[in-house]
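This report refers to the structure that appears directly beneath it.
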Ligand code: ATP
Ligand code: MG
């Protein structure tokens, strides 16, 4: 196929054989969020470029080199959203729904776009489920976010394969003091830093902490520690969070080098990481961003949130073979009809059954075919039962009911009794 007719590198089709697992994952998360009282919000996929520059920060990987930015026909600079927080904050401000201290507990799902080097677990169009809470500033809500994800890992059967890393970046004041101390220390060791870190030292010094360069890491061993610069308020907040995680029994490791890529975090930051996916080990990441709403032109409004990468979590379910058996079967019953008269009767019968059993997954054979070929299709569909309408059944106003998996003889069921019979033998999702 010519290149122009292929999908863009790093932007993937999710094929029919993969969608059942995606839908299982998405519906599991959606149910959990409903149960904890979160409401869904849906934002546009494209926003003004300025929004992301202002919120994410000019000197971040995303804004410096990962955004899909273009000019539209009006000459406006637009960008395909690289993450959801910026648009969510814009939306709540635009609609005034966080005004007067109103608490909002929101979640969203959808594609995000970043021009990164595609590899396993890292794509240019990828999908996130994200969540943002506004106007709650205590550690209790930070804890709730983490507790909820912990429950999710449990329900998905991947809890043993993820680890929680935790840090506090402090208030913007304490972070400012720490930044100064760090810059002073690193400047004294300037020559030993890698080139990227030398650049970051000027633009975004905290990001030097998560360098992958071994020489720079060696310099960092004796660098000032963020924890020593936390003010009383940040310290109490962090202790409050840890106490709540301890109360629920959620293990965590403190990672003083966890700073997160985006500019806007303060106090709590966390990541759920796994060693099951190779290099792309972070499956869910988030933190508190008490200054962001104000920075974007709103009244001071505390905020906290996280985002999880759906591709990485689906990969984990596959890698750990945590795929529930029932999600791959998509047909309960397959109706075969032989001859035109039977076909018409079959269609009408199927609709009557659907009226009575709206959740039944009933597939009617299309494309006619011999007894043998229709049966083959019924079997291939994965259905538990085949319904058969031939000359004999038509004469008796019955339908042949044949179990396709395991034991049981074929029986004849009167048309009127079919729905009731199916209700007893098919567990409906
Ligand atoms: P990473 O360090 O892996 O680049 P990040 O810090 O850039 O991640 P966030 O912006 O915090 O990621 O996004 C939250 C989550 O979204 C990540 O933890 C990850 O699971 C997922 N994610 C981020 N970028 C990608 C990508 N390019 N492809 C697939 N998933 C991604
Ligand atoms: Mg990234």
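Residue numbers (our numbering): 13 to 441. We put the CB at the ideal spot given by N, CA and C, even for glycine. All figures in this text were calculated on a predicted structure; none of them were measured in a lab.
May I ask you to report which of helix, strand or coil DSSP gives residue 135? The count along the chain shown starts at 1 and reaches residue 135 at position 123. Residue 135: coil per DSSP, three-state reduction.
Cα-Cα, which of 41, 56 and 55 is closest to residue 49? The residue given as residue 49 occupies position 37 in the chain shown. Residue 41 is the option with its Cα nearest to residue 49.
Three-way DSSP call (helix, strand, coil) for residue 355 in this model: Taking the chain shown and counting its residues from 1, the one referred to as residue 355 is at position 343. Reduced to three states, the DSSP call for residue 355 is helix.
Do you know offhand how far residue 155's Cα is from residue 298's? Here residue 155 refers to the residue found at position 143 when the chain shown is read from its first residue. Here residue 298 refers to the residue found at position 286 when the chain shown is read from its first residue. Rounded to whole angstroms, residue 155 to residue 298 spans 12 Å at the Cα level.
Hey, is residue 299 close to the ligand ATP, as in C-beta under 7 Å from one of its heavy atoms? Working through the chain shown from its first residue, we reach residue 299 at position 287. It does not: the Cβ of residue 299 is nowhere closer than 7 Å to a heavy atom of the ligand ATP.
Stretch-stretch touch, CB-based, cutoff 8 Å, three pairs: the stretch 317-337 with the stretch 394-414: no
How about residue 88: is its Cβ closer than 7 Å to a heavy atom in the ligand MG? For the purposes of this step, residue 88 is taken as residue 76 along the chain shown, with counting starting at 1. Incorrect: residue 88 has no Cβ contact closer than 7 Å to the ligand MG.
Under 7 Å Cβ to Cβ from residue 75, same chain only, skipping five residues before and after it: list those, please. Here residue 75 refers to the residue found at position 63 when the chain shown is read from its first residue. Counting only Cβ-Cβ distances below 7 Å, and skipping sequence neighbours, we find 64, 65, 68 and 69.
Could you tell me whether any non-hydrogen atom of the ligand MG is closer than 7 Å to the CB of residue 222? Locating residue 222 in the chain shown gives position 210, where the first residue counts as 1. No, the beta carbon of residue 222 sits no closer than 7 Å to any heavy atom of the ligand MG.
Minimum C-alpha distance to residue 113 - residue among 391, 344, 148 and 254: Here residue 113 is taken as the residue at index 101 of the chain shown, counted from 1. When each option's Cα is compared against that of residue 113, the closest is 148.
Same chain, Cβ closer than 7 Å to residue 117, five either side skipped, listed in chain order: Numbered from its first residue, the chain shown carries residue 117 at position 105. Excluding sequence neighbours, residue 117 sits near 49, 50, 51 and 145.
For a test of the three-state rule: what should DSSP assign to residue 217, helix, strand or coil? As a working note, residue 217 is residue 205 in the chain shown. If DSSP states are grouped into helix, strand and coil, residue 217 belongs with the helices.
With a cut-off of 8 Å, do at least 3 Cβ pairs link the stretch 308-321 to the stretch 155-165? yes
Apply the 10 Å Cβ neighbour rule to residue 28 and answer buried if 16 or more other Cβ atoms are within range, or exposed otherwise. If you number the chain shown from 1, residue 28 lands on position 16. Its Cβ having fewer than 16 others within 10 Å, residue 28 is exposed.
For the ligand MG, any of its heavy atoms closer than 7 Å to the Cβ of residue 208? For the purposes of this step, residue 208 is identified with residue 196 of the chain shown, where counting begins at 1. Result no, Cβ not under 7 Å from the ligand MG.
Alpha carbons only, please: which of 224, 230, 201 and 20 is nearest the one belonging to residue 127? Here residue 127 refers to the residue found at position 115 when the chain shown is read from its first residue. Minimum Cα distance to residue 127 is reached at 20.
Beta-bridge partners of residue 91, as assigned by DSSP: Against the chain shown, residue 91 aligns to sequence position 79. According to DSSP, residue 91 bridges with 59 and 81.
At a cut-off of 7 Å, would you count residue 320 as near the ligand ATP, judging by its Cβ distance to the nearest heavy atom? As a first step, residue 320 must be located in the chain shown, where it is residue number 308. Because some heavy atom of the ligand ATP lies under 7 Å away, the Cβ of residue 320 counts as near it: yes.
Alpha helix (DSSP H) runs contained entirely in the stretch 310-342, provided each spans 4 or more residues: 322-331
Can you tell me which of the three DSSP states residue 421 falls into? For this step, residue 421 is matched to residue 409 along the chain shown. Residue state, collapsed to three classes: coil.
Would you grab the beta carbon distance between residue 372 and residue 438 for me? Rounded to a whole angstrom, and I think it's under 8 Å. By 1-based counting over the chain shown, the position of residue 372 is 360. By 1-based counting over the chain shown, the position of residue 438 is 426. Confirmed, Cβ separation roughly 6 Å.
Can you give me the C-alpha to C-alpha distance between residue 136 and residue 79, rounded to a whole angstrom? In the chain shown, residue 136 corresponds to position 124, counting from 1. In the chain shown, residue 79 corresponds to position 67, counting from 1. The alpha-carbon atoms of residue 136 and residue 79 are separated by roughly 10 Å.
Can you tell me which of 196, 254 and 204 puts its alpha carbon nearest to the alpha carbon of residue 237? Here residue 237 corresponds to residue number 225 of the chain shown, with the count starting at 1. When only C-alpha atoms are compared, the closest one is 196.
Report the residue from 97, 231 and 22 whose alpha carbon sits nearest the alpha carbon of residue 57. Sequence index remark: in the chain shown, residue 57 carries index 45 (1-based). For the residues 97, 231 and 22, the minimum Cα distance to residue 57 belongs to 97.
Could you tell me whether any non-hydrogen atom of the ligand ATP is closer than 7 Å to the CB of residue 131? Your numbering for residue 131 matches position 119 in the chain shown. No.
Nearest residue (CA-CA) to residue 175, options 309, 124, 217 and 295: Residue 175 sits at position 163 when you count from the first residue of the chain shown. Selected option, being the one with the closest Cα: 295.
Residue 344: beta carbon under 7 Å from a heavy atom of the ligand MG? Locating residue 344 in the chain shown gives position 332, counting from the first residue. Not so, every heavy atom of the ligand MG lies at least 7 Å from the Cβ.
Taking residue 232 as the reference, give the member of 250, 209, 215 and 244 with the closest Cα. On the chain shown, residue 232 is found 220 positions in, with the first residue counted as 1. Nearest C-alpha to residue 232: 209.
For residue 73, verify whether its CB is less than 7 Å away from any heavy atom of the ligand MG. If you number the chain shown from 1, residue 73 lands on position 61. Yes, since a heavy atom of the ligand MG falls inside the 7 Å radius drawn around the Cβ of residue 73.
Can you check whether the CB of residue 383 is closer than 8 Å to the CB of residue 350? For the purposes of this step, residue 350 is taken as the residue at position 338 of the chain shown. For the purposes of this step, residue 383 is taken as the residue at position 371 of the chain shown. Yes; because the gap between Cβ atoms is below 8 Å, this pair is in contact.
Assuming residue 326 and residue 37 are in contact, meaning their beta carbons sit under 8 Å apart, how far apart are those beta carbons, in whole angstroms? Counting from one through the chain shown, the residue named residue 326 turns up at place 314. Counting from one through the chain shown, the residue named residue 37 turns up at place 25. Yes, residue 326 and residue 37 are in contact; Cβ-Cβ is about 6 Å, under 8 Å.
Is there at least one non-hydrogen atom of the ligand ATP closer than 7 Å to the beta-carbon of residue 292? As a first step, residue 292 is located in the chain shown; it is residue number 280 there, counting from the start. Yes, since a heavy atom of the ligand ATP falls inside the 7 Å radius drawn around the Cβ of residue 292.
Is any non-hydrogen atom of the ligand ATP found closer than 7 Å to the C-beta of residue 80, if you look at the structure I gave you? Taking the first residue of the chain shown as position 1, residue 80 is located at position 68. Residue 80 Cβ: outside cutoff for every heavy atom of the ligand ATP.
To the nearest angstrom, how far is it from the Cα of residue 104 to the Cα of residue 311? To locate residue 104, count along the chain shown from 1; it is residue 92. To locate residue 311, count along the chain shown from 1; it is residue 299. If I take the Cα positions, the gap works out to 12 Å.
Please classify residue 436 as buried or exposed, where buried requires at least 16 neighbouring CB atoms within 10 angstroms. Within the chain shown, numbered from 1, the residue matching residue 436 stands at position 424. Exposed, because fewer than 16 other Cβ atoms sit within 10 Å of the Cβ of residue 436.
Count the other CB atoms, across all protein chains shown, that sit within 10 Å of the CB of residue 82; report buried if there are 16 or more and exposed otherwise. Locating residue 82 in the chain shown gives position 70, where the first residue counts as 1. It counts as exposed.
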